[in-house]
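Inspection log for the structure reproduced underneath, given as structure tokens.
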Amino acid sequence: MNKVYGSAAEALDGLLRDDMLIAAGGFGLCGIPELLLAAIRDSGVKDLTFASNNAGVDDFGIGILLQTRQVRKMMSSYVGENAEFMRQYLSGELELEFNPQGTLAERMRAGGCGIPGFYTKTGVGTQVAEGKEHKEFNGETYILERGIFADLSIVKAWKADTTGNAIFRKTARNFNPPAAMCGKVCVLEVEEIVQPGELDPDKIHPPGIYVHRLVQGTHEKRIEQRTVRAA
């Protein structure tokens with residue numbers, strides 16, 4: 032089975048529709064599937080829900096889909112650095128489901144493992160817990176969080192082989208692995224594609240069984256906040 036496609040648009044062909052739930056990898060602007068996000072924008076699909084650590088910035092990442100009003104709802108843990116996101120949310124144009132960062136990652140991982148829900152202490156006594164089932168274990172209160180089962184996962188890796196075995200580097204490992212797991216279909220963009228056997232098996236993060244399609248491309252790798260020390 033050939034999993035390698037010639038472009039991001041080709042890799043997404045036949046997968047996109049309005050009202051989808053898409054799980055997107057990346058942490059801030061690190062390891063985001065920028066080529067696939069651009070292809071989603073160009074496709075014109077709308078009313079999308081994104082499960083993602085963040086919403087990008089105004090002109091990069093998921094931010095480009097906010098600019099074109101293609102996103103209806105965000106399920107995120109951090110939404111700073113994006114003025115258009117703030118404007119849409121405060122004006123009632125965009126729905127937001129806030130998640131503690133670890134809870135969001137675990138919701139993705141749980142979905143990938145077929146786990147419909149789990150209990151956590153994180154968020155108890157806050158707005159995060161409103162409307163959720165509460166249960167006591169050993170005298171402590173927990174809330175029920177639901178696993179995320181996405182229609183599509185889009186993730187970005189450093190290296191992958193042609194079967195989809197992939198390696199995420201450093202900070203890109205925070206959300207890409209669980210995001211890759213929780214979609215019915217996972218599309219991976221990668222900086223370099225190698226042949227099977229060229230990757231160290233001990234360094235592979237998501238095995239190729241989770242990845243259905245992959246595309247190689249050139250990435251901008253924008254820095255979210257560039258800071259330097261005074262001379």
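Here the working numbering is used: the first residue of the sequence shown is 32, the next is one more, and so on.
Here a beta-carbon is modelled for each residue, glycine too, at the ideal position from N, C-alpha and C.
Cα-Cα separation, Leu-67 to Asn-169: 45 Å
Rounded straight-line distance, which links the Cα of Ala-261 to that of Val-242: 44 Å
Residues near Leu-47 in its chain [Cβ-Cβ closer than 7 Å; skip 5 each side]: Ile-71, Ser-74 and Val-76
Every unbroken beta strand (DSSP E) inside the segment 103-132 [3 residues or more]: 126-129
Assigned exposure category for Ser-107 - 16 Cβ within 10 Å defines buried: buried
Collapsed DSSP secondary structure at Thr-151 in the structure displayed: strand
Alpha helix (DSSP H) segment containing Glu-65, residue limits: For Glu-65, the uninterrupted alpha helix (DSSP H) run begins and ends at 65-74, by DSSP.
Exposure label - Pro-238; buried when at least 16 CB within 10 Å: Burial call: exposed.
Any non-hydrogen atom of the ligand NAP closer than 7 Å to Gly-143 Cβ: Judged by which ligands are present, the structure shown has none, so any question about the ligand NAP falls away.
Whole runs of the beta strand (DSSP E) within the segment 158-183, excluding any shorter than 3 residues: 165-168 and 171-177
Residues that Arg-244 bridges to, as DSSP identifies them: In the DSSP output, where bridge partners are listed per residue, Arg-244 has Val-218.
For Cys-61, the residue or residues it bridges with in DSSP: Phe-58
Distance CB(Phe-199)-CB(Gly-142) smaller than 8 Å: no
Residue(s) in a DSSP beta bridge with Val-186: Bridge partners of Val-186: Leu-219.
Under 8 Å between C-beta atoms of Pro-227 and Thr-194: yes
CA-to-CA distance, Arg-204 to Val-15, given in whole angstroms: Any answer about residue 15 is impossible in this case: the structure gives the chain only from 32 up to 262.
Residue(s) in a DSSP beta bridge with Val-225: For Val-225, the pairing in a beta bridge is given by DSSP as Asp-192.
With 16 other Cβ atoms within 10 Å as the buried cut-off, status of Pro-232: exposed
Whole-Å CB distance - Gly-56 paired with Ala-211, under 8 Å assumed: About 7 Å; that satisfies the 8 Å criterion.
6 Å Cβ shell around Tyr-120 - same chain, five flanking residues per side excluded: Hits under 6 Å: Leu-127.
Residue burial classification, Cys-217 (beta-carbon count within 10 angstroms, cutoff 16): buried
Simplified DSSP assignment, three categories, for Ala-82: The DSSP-derived three-state label of Ala-82 is strand.
Own chain residues within Cβ distance below 6 Å of Lys-104, not counting five before or after: Thr-80 and Glu-126.
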